[in-house]
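Comments concern the structure below.
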Amino acid sequence: MLFPPILLFSSWLNINGYKKDSAGLTSAWSAAYIVLARRRRQTIGSKFGARGLVRGATLGLCVMNVISGGIAYAFGKREEEE
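Position 9 of the sequence shown, counting from 1, maps to 8 under this note's numbering, and the rest follow consecutively.
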């Protein structure tokens, strides 16, 4: 239950104009979730049930967050820099 408040804070940053920082925070915490979720082992039978499909979809979305947030953070500009 550590991740939802951090991701909500990231949304709050995005709404208040800190888009680059929000992208970096979301990307970093999504990567942390991937690392922690991959440490839990599953049996072959549980990978194809409802819980396994939800877990796979969550990890897929985390990968997309890491990629897109990393790109936005790397190439984004803050308003003060312009």
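For each residue, glycine too, the CB sits at the ideal point set by N, CA and C.
query: Less than 8 Å separating the beta-carbons of V53 and I33?; result: no
query: Going by the beta-carbon positions, is the gap between S21 and L7 smaller than 8 Å?; result: no
query: Would DSSP call M0 helix, strand or coil?; result: coil
query: In chain order, which alpha helix (DSSP H) runs of at least 4 residues are fully inside the segment 16 to 56?; result: 18 to 38
query: Roughly how many angstroms separate the alpha carbons of A73 and L58, rounded to a whole number?; result: 22 Å
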